[in-house]
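Visitor: Please read through the structure below; I'll follow up with questions.
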């Protein structure tokens, strides 16, 4: 008989959960172990904050203007570049340049860093040719914190979907659902009210899709002694930031990139089939999702 098996761990600084519907505990445990190992591998490789990660050693401390990429990184960065183009450059992994510069100059304000480093950020600062990443400016640094967790969700989901029943992968609120729960009903999630985090704005039934939520009410970071939103934009065109966004898409990577982009620019044009819910700072809600 199909039954739910739940596995939990911490990775990428967030709580992670795997819900695997199967009729065999041993098989569920094996799938969970494989998904856990894959997540740890990605966490170690693409950690912006660890000086010995591949991202730090090879990409952000590169000695020249191009870096040869392994197949996995080429695939990931290719997807990120394409999706970033679709957001008109609003989503930008080169904002890691600001964080990296702030380590060297903690007294510098965010505005000062943006003004100085503007030419080293954005889609014009890097491109891919074959297996190589080309980057003209040595100051440009890549922070994959906005994509690697979502990529890990997609990778873990591919593993646990081998279960005989449905599955759910949730890493810090970024999710991928496949199939149904053990009783045949769909998986449901609550969209938190950013004005009252103890309540939900809506309950969504999700089937074979991914969900990502982004919010400006939970985390901050400091530049020059001043607190700023943890979601950075390379320019000041994001003054109309949303308070929270929820996006439903085919992959967690796509959902996460659009959730972040809509946080920075709530009026961004998105693909017609992309489901989203936006809560603005003046308590307005914009949504094309049918919710309970």
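In my numbering, the protein residues as written are 261 to 552. The beta carbon of each residue, even a glycine, is placed where N, CA and C say it ideally should be. Everything numeric in this text was worked out from a predicted model, so none of it was measured.
1) So residue 509 and residue 534 are in contact, right, with Cβ under 8 Å, and what is the actual spacing, rounded?
2) Taking the alpha-carbon positions, what's the residue 502 to residue 338 distance?
3) Hey, which unbroken runs of the alpha helix (DSSP H) at 4 residues or more fall wholly within the stretch 367-413?
4) So, for residue 357: in the same chain, excluding its five sequence neighbours on each side, which residues have a beta-carbon less than 7 Å away from its beta-carbon?
5) Answer with buried or exposed for residue 435, where buried requires no fewer than 16 other C-beta atoms within 10 angstroms of its C-beta.
6) Do the CB positions of residue 468 and residue 442 come within less than 8 Å of each other?
7) Taking the straight line between their C-alpha atoms, what separation do you get for residue 319 and residue 302?
8) What does a CB cutoff of less than 8 Å around residue 294 pick up in its chain, not counting 5 residues either side in sequence?
9) What is the DSSP secondary structure of residue 459, reduced to helix, strand or coil?
10) Are residue 431 and residue 274 close, meaning C-beta to C-beta below 8 Å?
11) Can you tell me whether DSSP reads residue 440 as helix, strand or coil?
12) Helix or strand or just coil, what does DSSP make of residue 512?
13) May I ask which residues mark the beginning and end of the alpha helix (DSSP H) holding residue 336?
14) With distances taken from CA atoms, which of 544, 372, 306 is nearest residue 455?
15) Would you check if the distance between the CB atom of residue 281 and the CB atom of residue 291 is smaller than 8 Å?
16) Report the residue ranges of all beta strand (DSSP E) runs contained in full by the stretch 288-338; include only those spanning at least 3 residues, in chain order.
17) Check for me: the alpha helix (DSSP H) holding residue 357 runs from which residue to which?
18) Flag residue 546 as yes if its beta-carbon sits less than 8 Å from any beta-carbon of chain C, otherwise no.
19) Within its chain, find whatever has a CB closer than 6 Å to the CB of residue 288; leave out the 5 residues flanking it on each side and keep chain order.
20) Any idea if residue 309 is buried or exposed, counting beta-carbon neighbours within 10 angstroms, 16 or more meaning buried?
21) Under three-state DSSP, which class holds residue 521?
22) Within the same chain, show all residues whose beta-carbon is closer than 6 Å to that of residue 326, passing over the 5 residues directly before and after it, in chain order.
23) Of the residues 364, 403, 396, which one's Cα is nearest the Cα of residue 354?
24) Determine the DSSP secondary structure at residue 268, reduced to helix, strand or coil.
25) Alpha carbon to alpha carbon, how far is residue 521 from residue 365? Give it in angstroms, no decimals.
26) Do residue 504 and residue 474 have their CB atoms nearer than 8 Å?
27) Do the CB positions of residue 429 and residue 416 come within less than 8 Å of each other?
Guide: Working from what's here:
1) Here residue 509 refers to the residue found at position 249 of the chain shown. Here residue 534 refers to the residue found at position 274 of the chain shown. Contact holds; Cβ gap of about 6 Å.
2) To locate residue 502, count along the chain shown from 1; it is residue 242. To locate residue 338, count along the chain shown from 1; it is residue 78. Rounded to whole angstroms, residue 502 to residue 338 spans 27 Å at the Cα level.
3) DSSP runs (the alpha helix (DSSP H)) wholly in the stretch 367-413: 370-377.
4) Taking the chain shown and counting its residues from 1, one reaches residue 357 at position 97. Excluding positions up to five away in sequence, the list reads 377, 380, 381, 399, 400, 401.
5) The residue you call residue 435 lines up with position 175 of the chain shown. Result: buried.
6) Here the question's residue 468 lines up with position 208 in the chain shown. Here the question's residue 442 lines up with position 182 in the chain shown. No, they are not a contact pair.
7) Within the chain shown, residue 319 is the residue found at index 59, counting from 1. Within the chain shown, residue 302 is the residue found at index 42, counting from 1. Distance between the alpha carbons of residue 319 and residue 302 is about 15 Å.
8) Residue numbering aside, residue 294 sits at position 34 when the chain shown is read from its first letter. If the five residues before and after residue 294 are omitted, its C-beta is found closer than 8 Å to the C-beta atoms of 419, all from its own chain and listed in chain order.
9) Residue mapping note: residue 459 aligns to position 199 of the chain shown, counting from 1. Taken through DSSP and simplified to helix, strand or coil, residue 459 comes out as strand.
10) Start at 1 with the first residue of the chain shown, and residue 431 comes out as number 171. Start at 1 with the first residue of the chain shown, and residue 274 comes out as number 14. Their beta carbons are under 8 Å apart, which means residue 431 touches residue 274 by this criterion.
11) As a working mapping, residue 440 is identified with position 180 in the chain shown. In the structure shown, residue 440 sits in coil (DSSP, three-state: anything other than H, G, I, E or B).
12) Sequence index remark: in the chain shown, residue 512 carries index 252 (1-based). Three-state DSSP puts residue 512 in a helix.
13) Here residue 336 refers to the residue found at position 76 when the chain shown is read from its first residue. Residues 331-346.
14) Looking up residue 455 in the chain shown gives position 195. Comparing Cα positions, the closest option is 544.
15) Stepping through the chain shown from its first residue, residue 281 is reached at position 21. Stepping through the chain shown from its first residue, residue 291 is reached at position 31. Result no, Cβ atoms of residue 281 and residue 291 do not sit closer than 8 Å.
16) Entirely contained in the stretch 288-338, the beta strand (DSSP E) runs reaching 3 residues are, in chain order, 326-328.
17) Taking the chain shown and counting its residues from 1, one reaches residue 357 at position 97. From DSSP, the alpha helix (DSSP H) with residue 357 extends over 356-364.
18) Checking the listed chains, one finds no chain C in this structure; it contains a single protein chain.
19) Numbered from 1 along the chain shown, position 28 holds the residue referred to as residue 288. Here the set comprises 265, 280, 282.
20) Residue mapping note: residue 309 aligns to position 49 of the chain shown, counting from 1. Under this definition residue 309 is an exposed residue.
21) For the purposes of this step, residue 521 is taken as residue 261 along the chain shown, with counting starting at 1. When DSSP states are grouped into helix, strand and coil, residue 521 belongs to the helix group.
22) Mapped onto the chain shown, residue 326 falls at position 66. Residues 392, 394 of the same chain have their beta carbon placed closer than 6 Å to that of residue 326, with the five preceding and five following residues left out of the count.
23) To locate residue 354, count along the chain shown from 1; it is residue 94. Proximity to residue 354 across 364, 403, 396 peaks at 403, based on C-alpha coordinates.
24) Along the chain shown, read from residue 1 onward, the residue named residue 268 stands at position 8. In the three-state DSSP reduction, residue 268 falls in the strand class (E or B).
25) Numbered from 1 along the chain shown, position 105 holds the residue referred to as residue 365. Numbered from 1 along the chain shown, position 261 holds the residue referred to as residue 521. Note on geometry: alpha-carbon atoms of residue 365 and residue 521 lie some 27 Å from one another.
26) Translated into positions along the chain shown, residue 504 becomes position 244. Translated into positions along the chain shown, residue 474 becomes position 214. The beta carbons of residue 504 and residue 474 sit closer together than 8 Å.
27) If you number the chain shown from 1, residue 429 lands on position 169. If you number the chain shown from 1, residue 416 lands on position 156. A Cβ-Cβ contact shorter than 8 Å links residue 429 with residue 416.
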